Amino acid sequence: MNGPIGIFDSGYGGLTVLSEIKSLLPQYDYIYLGDNARAPYGNRSFEIVYKFTKDAVNWFFKQNCHLVILACNTASAKALRSIQQIDLPRMNPTKRVLGVIRPTVESVAGFTKTGHIGLFGTSGTIKSQSYDMEIAKLYPHLTVSGEACPMWVPLVENNEFDKPGADYFIKQHIDNLLEKDDQIDTIILGCTHYPLLINKIKKFLPKNIQVISQGKYVAGSLKDYLLRHPEMENKCSKNGTVKYFTTDLPEKFTDMASLFLKENIEAQRINID
384 MNGPIGIFDS GYGGLTVLSE IKSLLPQYDY IYLGDNARAP YGNRSFEIVY
434 KFTKDAVNWF FKQNCHLVIL ACNTASAKAL RSIQQIDLPR MNPTKRVLGV
484 IRPTVESVAG FTKTGHIGLF GTSGTIKSQS YDMEIAKLYP HLTVSGEACP
534 MWVPLVENNE FDKPGADYFI KQHIDNLLEK DDQIDTIILG CTHYPLLINK
584 IKKFLPKNIQ VISQGKYVAG SLKDYLLRHP EMENKCSKNG TVKYFTTDLP
634 EKFTDMASLF LKENIEAQRI NID
């Protein structure tokens, strides 16, 4: 039986990825789940993020999703590999779970001229060194410097991202990153919340530095994946619908989603633990 494509995040940030995916691939059905009741994931241990992410994947599979995208850098960094290698063969070897790190990394080489890459992310993503390892695997000649930005997600989720008070926290981490490596010419936004900060980030960045926002690269990678895997593409239902679910208050999710999607949606509350 065909089913929707699942899009998962610990909170709201994955909506920036969903928006790009919907724009590129509007024909498919999607289910979005934000685990807002247990967010944020960024400072949690590997074990907890793995458990929470596996809970969500199980829920998606029960909704008849054959393909799930972890539109969350922390979940992709801390849980994806274990779920792919350990759990999927046991849970359902015909289903697939994909992340956002590899599609983002694959785009990097086309941007940098100096070979020096910067990365902004949550503490969990930076500590995991998932980007460093993936870049080393694909492009061993590139140098990566990361900067954890623990205040950036709260700025977005408290609707302070475009206000003057955000300037200090944006500039502080940009300065920290460029002090680590002044040859950086390309920066990855390694958190799906960060596109909402893009105008502030560009305000304090030197003009020669390019910024990679994940959404369109993840969307392009998904399109390519479905073309290369017709057996999976055929299992994805195509009615152009999107359903939104949260583990917290649906009213709050609906209000916040309008910031990320620029449209009104309705969310339903569910339990996954």
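Using the numbering used here, the first residue of the sequence shown is number 384, and each one after it goes up by one. Every residue gets a Cβ at the ideal spot worked out from N, C-alpha and C, and that includes glycine. Bear in mind that the values here come from a model prediction, so they are computed numbers and not experimental data.
Considering only C-alpha positions, which residue in the set the options is nearest to residue i?
i    : options                : result
P589 : P523, I557, L572       : I557
S511 : I414, D564, S459       : S459
L560 : D638, I509, V625, N475 : I509
I484 : G504, T477, N456, M474 : N456
P423 : G504, V594, A602, L521 : G504
D438 : M615, T630, H524       : T630
G394 : L610, C574, V480, P476 : C574
F587 : E614, Y551, N647       : Y551
A531 : P472, K645, Q555, T497 : Q555
Q651 : L632, D638, N617, H576 : L632
T477 : N647, Q593, D638, E614 : E614
E489 : L579, A602, N441, E634 : A602
Report back the beta-carbon spacing between residue i and residue j to the nearest angstrom; my notes put them in contact at under 8 Å.
i    : j    : result
A454 : T436 : Wrong, their Cβ atoms sit about 12 Å apart, outside the cutoff.
F643 : T399 : 6 Å
G386 : S620 : 6 Å
L525 : T495 : 7 Å
H449 : K618 : 4 Å
Could you tell me whether the Cβ atoms of residue i and residue j are closer together than 8 Å?
i    : j    : result
G397 : I390 : yes
I567 : H499 : yes
S604 : K563 : no
P409 : G623 : yes
I571 : V491 : yes
I595 : T569 : yes
D470 : I655 : no
Y608 : L481 : yes
L407 : K626 : no
G425 : S513 : no
F443 : V432 : no
I414 : Q446 : yes
P628 : L401 : It should be pointed out that residue 628 corresponds to Phe in this sequence rather than to Pro. No, the Cβ-Cβ distance between F628 and L401 is not below 8 Å.
Per DSSP, what are the beta-bridge partners of residue i in this structure?
i    : result
Y413 : I388, V625
T526 : H499
R652 : T629
G504 : A531
V451 : G389, V480
Q593 : T569
C619 : G386
Touching by the beta-carbon criterion (3+ pairs, under 8 Å), the region 463 to 470 and the region 534 to 548: no
Cβ contact (3+ pairs, closer than 8 Å) linking the region 538 to 549 and the region 515 to 525: no
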